[in-house]
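The opening residue of the sequence shown carries number 507 in my numbering; numbering runs sequentially from there. For each residue, glycine too, the CB sits at the ideal point set by N, CA and C. Nothing here was measured: the structure is a model prediction, and the numbers come from that model. The next block holds one structure in the form of structure tokens; read it before the comments.
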Amino acid sequence: MESIAKNNLQAIIARAPDFFGGTSRQNSIIMNLVYDNLLKGKKAQWFCNSKVVHSMGYVPDLAKGTALLGNTPEAFNQVWNLPIDPQRITGEEWINLFASTMETKNKYTVLPNWLVSGLGLFVPIMSELAEMNYQYDRDYCFDSTKFNDYFNFIPTPNAVAVKQAIEQIKNTDKIDDKRTTTR
507 MESIAKNNLQ
517 AIIARAPDFF
527 GGTSRQNSII
537 MNLVYDNLLK
547 GKKAQWFCNS
557 KVVHSMGYVP
567 DLAKGTALLG
577 NTPEAFNQVW
587 NLPIDPQRIT
597 GEEWINLFAS
607 TMETKNKYTV
617 LPNWLVSGLG
627 LFVPIMSELA
637 EMNYQYDRDY
647 CFDSTKFNDY
657 FNFIPTPNAV
667 AVKQAIEQIK
677 NTDKIDDKRT
687 TTR
């Protein structure tokens, strides 16, 4: 930011919350802990507190937002929160949204802070997640109003985004199955 202030650098800082959709399945916490577990008939998992609000971004919206920023000279030298649905929903509501879209039972368990921290000693990704507990033990509200207003952008509603993400996974899995059987 100091270089930007001195006019030595043209830059944009684009922030995003946790995400899902697109081709982000392996790198998405909610897809790994909620979708994949429900798909296997297991309980979905959530960190720390499922009763607090947790903002999520839909990858296609985040990608469009990044492209808009990069192609808008007036957006440079600013900090932007990429577009997300402004509807505030809890971890429990995210799990319910996935379960109802998948037409499966809404079963879940909450992983307490101490467990996530303890697992971090043995599972590297868990140590990274332990550092992010502040996003799960209290309301985590990501506000993209500045972006949405400036670009007149309407983010995909959470329910539609979850449905589209699940449909894309099903379609990708079908393509992968066809590739496997034709080899």
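Inter-residue CB distance, residue i and residue j (contact presumed, cutoff 8 Å)
i	j	result
Leu568	Trp586	Not quite, the Cβ-Cβ distance comes to about 11 Å (not below 8 Å), so this is no contact.
Gly597	His560	5 Å
Trp600	Ile536	6 Å
Ile614	Lys549	In the sequence on display, residue 614 carries Tyr and not Ile. 5 Å between Cβ atoms; contact.
Phe659	Gly571	7 Å
Cα-Cα separation between residue i and residue j, rounded to whole angstroms
i	j	result
Asn522	Gly563	Note that residue 522 is Ala in the sequence shown here, rather than Asn. Whole-angstrom Cα-Cα distance: 7 Å.
Phe604	Arg531	14 Å
Asn602	Lys546	16 Å
Glu609	Asn583	45 Å
Ile672	Leu539	14 Å
Tyr646	Phe525	13 Å
Own chain, CB closer than 6 Å to residue i, minus 5 neighbours either side, in chain order
i	result
Ser633	Gly626
Asp591	Pro661, Pro663, Asn664
Close Cβ partners of residue i (< 8 Å) along its chain, the five nearest in sequence each way excluded
i	result
Gln593	Pro663, Asn664
Leu635	Ile535, Phe553, Val622, Gly626
Asn555	Gly597, Val616, Tyr642, Asp643, Arg644
Proximal residues to residue i (C-beta, below 7 Å), its chain only, five neighbours per side dropped
i	result
Phe648	Pro523, Ser561, Asn587, Ile590
Phe657	Leu574
Three-state secondary structure (DSSP) of residue i
i	result
Asp524	strand
Ile535	helix
Phe604	helix
Leu544	helix
Thr610	coil
Residues bridged to residue i (per DSSP)
i	result
Asn587	Arg521
Phe553	Leu617
The ligand NAP heavy atom lying under 7 Å from the CB of residue i
i	result
Met537	Because no ligand of any kind appears in the structure shown, any question about the ligand NAP cannot be addressed here.
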